[in-house]
Amino acid sequence: MFKVVLLNDDYTPMEFVVELLEKFFSKTRENATRIMLSIHTDGKGVCGIYTKDVAETKAGTVNQYSRDHQHPLLCEVEPCNDEEE
543 MFKVVLLNDD
553 YTPMEFVVEL
563 LEKFFSKTRE
573 NATRIMLSIH
583 TDGKGVCGIY
593 TKDVAETKAG
603 TVNQYSRDHQ
613 HPLLCEVEPC
623 NDEEE
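So the mapping is simple: our numbering equals the position in the sequence shown, first residue as 1, plus 542.
Printed below as a string of structure tokens:
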């Protein structure tokens with residue numbers, strides 16, 4: 543399994559991150575806000591855990607959406623270790 547991770551930057555508005563988490567990862571506003579704050583304080587946050595194909599598709603979609611809205615927000619895919627699954 544693979545985790546989809548959003549990386550912090552100094553330019554993307556927090557509200558955009560929350561909306562993105564709601565739109566692409568079906569998070570509630572409360573959960574999206576919690577993940578956004580984790581990204582802000584820890585430098586990155588996990589959006590979800592998926593199969594490789596789904597994770598790569600979600601990351602690509604998020605990166606394109608961010609670029610389309612002129613934000614440098616970056617989404618990556620990382621393999622999970624056994625403890626996270």
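Even glycine gets a Cβ: it sits at the ideal position worked out from N, Cα and C. Everything numeric in this text was worked out from a predicted model, so none of it was measured.
Under DSSP, ILE581 takes part in no beta bridge, so it has no partner.
Below 8 angstroms, too few C-beta pairs join the stretch 591–602 and the stretch 570–577 to call them touching: fewer than three.
In terms of CA proximity to PRO555, GLN612 leads the group ASN623, GLU618 and GLN612.
Non-local beta-carbon contacts of LYS586 in its own chain, meaning distances under 7 angstroms to residues more than five positions away in sequence, involve VAL547, LEU548, LEU549 and ASN550 in chain order. The alpha-carbon separation between LEU616 and CYS589 amounts to approximately 12 angstroms.
In this structure, THR603 places its C-beta atom within 8 angstroms of the C-beta atom of PHE566.
Uninterrupted beta strand (DSSP E) stretches at least 3 residues long and entirely within the stretch 554–605 occur at 586–592, given in chain order. Beta-bridge analysis with DSSP links CYS617 to LEU548.
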